[in-house]
Amino acid sequence: MSPEFNPYSVGDGADNHSVAEEPRTFWHSLLVFVRVGLVSIVWMVVYFFVSAMVLGFLTGIYFSVRYSAGSPPANPSAWFSIAWMLAPQLIGVIGLVLGLLGKLPGT
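100 is the number that our numbering gives to position 100 of the sequence shown; each next residue is one higher, with no gaps.
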């Protein structure tokens, strides 16, 4: 055990009042809310673009496999356009919700 001061240690006789947070002011709470909101929006954008890239990669694999087998894919316009429209948006909203709930790093 090192003799250095450990700010995370709690003494033997400490109760919950000694380790509780100091009360937050209105401005501090507002800054925390703004920070969590901005970081959640960043996570939403990351989730959106990563899911769009993964979807594009999988679509490219699908087309290359179908064309290499000699059979063109069936009419892809309906479900590809729906998937390209809805999937990244839904995954982005999931990222926003997880960020606002504090489940992602930085939130």
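Beta carbons: idealized from backbone N, C-alpha and C, even for Gly.
Checklist entry - Are L86 and M44 close, meaning C-beta to C-beta below 8 Å? => result no
Next on the checklist: If you measure between the beta carbons of A83 and L101, is that distance less than 8 Å?
Outcome noted: no
Next on the checklist: Suppose contacts are defined by Cβ-Cβ distances below 8 Å. Is F48 in contact with P88 by that definition?
Outcome noted: Yes, these two residues count as a Cβ contact at 8 Å.
Checklist entry - With a Cβ-Cβ cutoff of 8 Å, do N40 and T107 count as a contact? => result Note that residue 40 corresponds to Ser in the displayed sequence, not to Asn. A contact, by the Cβ cut-off of 8 Å.
Checklist entry - Secondary structure at A69, three-state DSSP: helix, strand or coil? => result coil
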